[in-house]
Amino acid sequence: MANIKRSPWLLHYDGSSCNGCDIEVLASLTPVYDAERFGVMNTGDPLQADILLITGGINTQNRDVVKQLYKQMPRPKVVVAVGVCACTGGVFKDCYNILGGADEVVPVDIYVPGCAARPQAIIDGIIQAVELFQQRSEEHDRLVRDMKAWGKRKPKAES
Amino acid sequence: MDREKTERLETNRSIEGKRSVIPFGPQHPVLPEPIHIDLVIEDETVLEAIPSVGFIHRGLESLAAKRDFNQLIYVAERTCGICSFQHGMGYAEAVEHVFGIEIPIRARFLRTIWAELGRMHSHLLWLGLLADGFGYENLFYQCWRIREKVLDLQEATTGGRLIFSVNCIGGVIKDIPEELLKKILASIAEVEEELKVLQKTFMEDYTVRSRLSGVGILTRQQVHELGCAGPVARASGVSCDMRITGYGAYPELDFEPVTASEGDAYARCDCRLREVFQSIDLLRQAIGRMPAEKDLSTPVKGNPEGEYFMRVEQPRGEAVYYVKGTGKPMLERFRIRTPTFANLPGLCEMLKNTKLSDVGLLVLTIDPCVSCTER
Ligand code: SF4
């Protein structure tokens, strides 16, 4: 399994974005930019997603939604914050309902700057996320293998 | 045996008569944005739709107390990334009215050109989402491919694909040079040709017709009572278009509001399609009649004092901007009323007595822009 390249699935969640970054994420998935040529696929289901793209900052309403989405995704997982809103809160940082960037509630691996983030930048972020995902899944596989080996050895040691 | 049968029949009947509530959203495949609607259904038919909003509330209007009136223009633009230019323009015109200044004519034409480009890209985006809603993925991609041409024009003229930041209080900060104007004309001619091909699919395809026509009907009377705006109102035969009130360079251009009479999903699609062609026509007129002028903005002195209501026709309908200044650099109050908010009562009305499978499509037909609505 370790040598197989993965094709991670993307999940996009709109935090409290102004739509600008949202539609740029969508645009980078359409054939003009076509992020899918790097082996990713868009999905709407967190249970099958590997990479979470968050646009927009975190507010009191969606804090739990984002946390839950992250929890529902299977391990290993990668989080990409798209746009300055998702990175830090952006122009809305001082609003009473904005708690800050996505890293307030989930660990963010890759930050894509821009307001609105350009499709080229988003694709760059996705490629980095794919590489990171590959790395993490190899680590994950190794861990599982080690645990299995350890599990097999254990009864022998006892007997 | 017989008793068993009758019992089963009875339980079936009581299940049939039951109502259930199905939540629609906040994360739903047809919408990129979170909106939540509770649907009360009986069998397959929707009896009532109860919307709840607030997932992307940021509290943007409160920034009026923290940013001065010049900076607030950048916040106003970020109310929504799709119609961002028009938000900035609506806010700027409101403040200009408070100051009581006239902006240079060329600036008014430039604003109109950008506003119409924005309308084109917004409608093309919507047409794509609608096509995706009824399962035509290819058509969705085609619409977005054409839309990229408009985005390229926006980027070439302003530097930003979606958020331009070219407005300032008193005018605009950038000019469009002659060769770019020519490029706009050439590009919109291409868009026109390509959209005509797609128009055929949208308007004449048998599947699309049977999916869209006759569903989600709003009568003229209902539109009046519920106060719908924009293409939703125009598709029911109410000719309300705020561009007629004469802001920007619209008084110098010839146009008629695009209307249809059926009031169903098909008519709303038809209206938006024809509005793209109308925008192309308006762009040609505006570029043809734009005067050469050096001045792009009128300088403002002091701080705004007074209040004003500005009405702007956004791609989704009428938006209202209210500003109130008290002679300080910070405005006392800044308020936006967005078209989606006006169309939500209409949506709840049209969802009544429709099939559950049509709900996703009907929500799309009002072209909901949740981040404007919740700000
Ligand atoms: S970064 Fe800019 S474009 Fe993106 S969601 Fe925030 S305000 Fe909108």
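Protein chains in written order, with my numbering: chain A, 36 to 194; chain B, 36 to 410. Just so you know, even glycine gets a beta-carbon here, dropped at the ideal spot from N, CA and C.
When the distance is taken between beta carbons, is proline 69(B) closer than 9 Å to valine 405(B)?
Reading the second sequence from its first residue, position 370 is the one you call residue 405(B). Reading the second sequence from its first residue, position 34 is the one you call residue 69(B). Taking 9 Å as the Cβ cut-off, valine 405(B) and proline 69(B) qualify as a contacting pair.
Just the residues with CB closer than 6 Å to a heavy atom of ligand 1, in chain order, which are they?
The answer, residue by residue, is Ser52(A), Cys53(A), Gly55(A), Cys56(A), Thr90(A), Gly91(A), Gly118(A), Val119(A), Cys120(A), Gly125(A), Val126(A), Cys150(A), Ala151(A), Arg113(B), Gly116(B) and Ile198(B).
The alpha helix (DSSP H) that contains lysine 231(B), what's its start and end?
Looking up residue 231(B) in the second sequence gives position 196. Counting along the chain, the alpha helix (DSSP H) containing lysine 231(B) begins and ends at 213-239.
Residues of chain A with CB closer than 8 Å to the CB of valine 398(B), please, in chain order.
Here residue 398(B) corresponds to residue number 363 of the second sequence, with the count starting at 1. Near valine 398(B) there are no residues of chain A at all, since even the closest Cβ is about 15 Å away, more than 8 Å.
Rounded to a whole number of angstroms, what is the C-alpha to C-alpha distance between valine 100(A) and isoleucine 133(A)?
For the purposes of this step, residue 100(A) is taken as the residue at position 65 of the first sequence. For the purposes of this step, residue 133(A) is taken as the residue at position 98 of the first sequence. Spanning the two alpha carbons is a distance of roughly 15 Å.
According to DSSP, methionine 345(B) sits in a beta bridge with which residue or residues?
Here residue 345(B) refers to the residue found at position 310 when the second sequence is read from its first residue. Answer by DSSP bridge pairing, in chain order: Tyr356(B).
With 8 Å as the limit, tell me which residues of the segment 234-265 of chain B have their beta carbon closer than that to any beta carbon of chain A; keep them in chain order.
Cβ contacts with chain A: none found.
Can you give me the Cβ contacts of serine 194(A) inside the same chain, cut-off strictly under 7 Å, excluding the 5 residues immediately before and after it?
Start at 1 with the first residue of the first sequence, and residue 194(A) comes out as number 159. Here the model assigns serine 194(A) a pLDDT of 46, short of 50, so the residue's position is not dependable and the matter cannot be decided.
For threonine 123(A), decide whether its Cβ has a neighbour in chain B, counting only Cβ atoms nearer than 9 Å.
For this step, residue 123(A) is matched to residue 88 along the first sequence. Not one chain B Cβ lies under 9 Å of threonine 123(A).
Distance cutoff 9 Å, beta carbons only. Does serine 97(B) sit that close to anything in chain A?
Translated into positions along the second sequence, residue 97(B) becomes position 62. It does; some Cβ of chain A falls within 9 Å.
Tell me which same chain residues have a C-beta within less than 7 Å of the C-beta of proline 374(B), skipping the five on either side of it?
Within the second sequence, residue 374(B) is the residue found at index 339, counting from 1. Around proline 374(B): Ala264, Gly265, Gln349, Arg351, Gly352, Glu353 and Ala354.
Would you mind sorting alanine 37(A) into buried or exposed? The rule is 16 or more other CB atoms within 10 Å of its CB.
For the purposes of this step, residue 37(A) is identified with residue 2 of the first sequence, where counting begins at 1. Note that alanine 37(A) scores a pLDDT of 48, beneath 50, so its modelled location is shaky; the value from the coordinates is reported in the next line. With fewer than 16 Cβ atoms within 10 Å of its Cβ, alanine 37(A) is classed as exposed.
Determine the contact status of valine 243(B) and leucine 253(B), defining contact as a CB-CB distance below 9 Å.
In the second sequence, counting from the first residue as 1, residue 243(B) sits at position 208. In the second sequence, counting from the first residue as 1, residue 253(B) sits at position 218. Contact: no.
In angstroms, rounded to a whole number, what distance separates the CA positions of serine 172(A) and lysine 329(B)?
The residue you call residue 172(A) lines up with position 137 of the first sequence. The residue you call residue 329(B) lines up with position 294 of the second sequence. Rounded to the nearest angstrom, the two C-alpha atoms are 60 Å apart.
Going by beta carbon distance, what residues of the same chain come within less than 6 Å of cysteine 120(A), once the five residues before and after it are set aside?
Locating residue 120(A) in the first sequence gives position 85, where the first residue counts as 1. Only Ser52, Gly91 and Gly92 meet the Cβ criterion.
Please go through the same chain and pick out, in chain order, the residues whose beta-carbon is closer than 7 Å to the beta-carbon of arginine 41(A), but skip the five residues on each side of it.
Indexing the first sequence from 1 puts residue 41(A) at position 6. Cβ within range, chain order: Phe168, Gln169 and Ser172.
Relative to the C-alpha of glutamate 228(B), which residue among Ile315(B), Ser87(B) and Met365(B) is closest?
On the second sequence, position 193 is the one that residue 228(B) refers to. It is Ile315(B).
Applying the criterion that 16 or more other CB atoms from any shown protein chain within 10 Å of the CB defines a buried residue, is valine 232(B) buried or exposed?
Here the question's residue 232(B) lines up with position 197 in the second sequence. When all chains shown are included, valine 232(B) counts as exposed.
Whole angstroms is fine: what's the gap from glutamine 103(A)'s alpha carbon to methionine 76(A)'s?
For the purposes of this step, residue 103(A) is taken as residue 68 along the first sequence, with counting starting at 1. For the purposes of this step, residue 76(A) is taken as residue 41 along the first sequence, with counting starting at 1. The alpha-carbon atoms of glutamine 103(A) and methionine 76(A) are separated by roughly 21 Å.
Identify the continuous alpha helix (DSSP H) that holds proline 86(B) and give its terminal residues.
The count along the second sequence starts at 1 and reaches residue 86(B) at position 51. Counting along the chain, proline 86(B) falls outside any alpha helix (DSSP H), though it belongs to the beta strand (DSSP E) covering 80-87.
Please specify which runs of the beta strand (DSSP E), each continuous and at least 3 residues long, are wholly inside the segment 284-349 of chain B, giving them in chain order.
340-349, all fully within the segment 284-349 of chain B.
Using beta carbons (cut-off 9 Å, strictly below), is proline 326(B) in contact with chain A?
Within the second sequence, the letter at position 291 stands for residue 326(B). No, proline 326(B) does not count as interfacial toward chain A.
Give the list of continuous alpha helix (DSSP H) stretches no shorter than 4 residues that lie fully inside the segment 372-405 of chain B.
374-386 and 394-400, all fully within the segment 372-405 of chain B.
When you compare the CB of isoleucine 315(B) with every CB in chain A, is at least one pair closer than 9 Å?
One-based indexing of the second sequence puts residue 315(B) at position 280. No - not a single Cβ of chain A is within 9 Å of the one on isoleucine 315(B).
Counting C-beta neighbours from all protein chains within 10 Å, is the total for arginine 368(B) 16 or more, i.e. buried, or is it exposed?
As a position in the second sequence, residue 368(B) is number 333, starting the count at 1. The residue in question, arginine 368(B), is exposed, as its Cβ has fewer than 16 Cβ neighbours within 10 Å.
Please list the residues of the segment 165-183 of chain B that have a C-beta atom closer than 9 Å to any C-beta atom in chain A, keeping them in chain order.
So the list reads Phe175, Tyr176, Trp179, Arg180, Arg182 and Glu183, given in the order they occur along the chain.
From the beta carbon of histidine 92(B), is the nearest beta carbon of chain A less than 9 Å away?
Looking up residue 92(B) in the second sequence gives position 57. At least one chain A Cβ lies under 9 Å of histidine 92(B).
Taking glycine 135(A) as part of the beta strand (DSSP E), name the residues at either end of that continuous run.
Taking the first sequence and counting its residues from 1, the one referred to as residue 135(A) is at position 100. From DSSP, the beta strand (DSSP E) with glycine 135(A) extends over 133-135.
Please confirm whether glycine 195(B) has its beta-carbon closer than 9 Å to some beta-carbon of chain A.
As a working mapping, residue 195(B) is identified with position 160 in the second sequence. Chain A, which has a Cβ nearer than 9 Å to the Cβ of glycine 195(B), makes this yes.
Could you check the C-alpha separation between isoleucine 148(B) and glutamate 310(B) for me, to the nearest Å?
Taking the first residue of the second sequence as position 1, residue 148(B) is located at position 113. Taking the first residue of the second sequence as position 1, residue 310(B) is located at position 275. Near 15 Å, if we compare the C-alpha coordinates of glutamate 310(B) and isoleucine 148(B).
Please list the partners that threonine 389(B) has in chain A, where partner means a Cβ-to-Cβ separation under 7 Å.
Indexing the second sequence from 1 puts residue 389(B) at position 354. Chain A residues near threonine 389(B): none, gap ~23 Å exceeds 7 Å.
Tell me the rounded alpha-carbon separation between lysine 101(B) and cysteine 130(A).
Translated into the one-based positions of the second sequence, residue 101(B) becomes position 66. Translated into the one-based positions of the first sequence, residue 130(A) becomes position 95. Cα to Cα, lysine 101(B) sits roughly 9 Å from cysteine 130(A).
Which whole runs of the alpha helix (DSSP H) in the segment 131-162 of chain B are 4 residues long or more, in chain order?
Listed in chain order, there is nothing to give.
Span of the alpha helix (DSSP H) holding threonine 193(B)?
Counted from its first residue, the second sequence places residue 193(B) at position 158. 172-193 is the span of the alpha helix (DSSP H), which, as asked, contains threonine 193(B).
On a CA-only basis, which of Val201(B), Leu188(B) and Gly281(B) is nearest histidine 122(B)? Give me that one, please.
By 1-based counting over the second sequence, the position of residue 122(B) is 87. Per the Cα distances, Val201(B).
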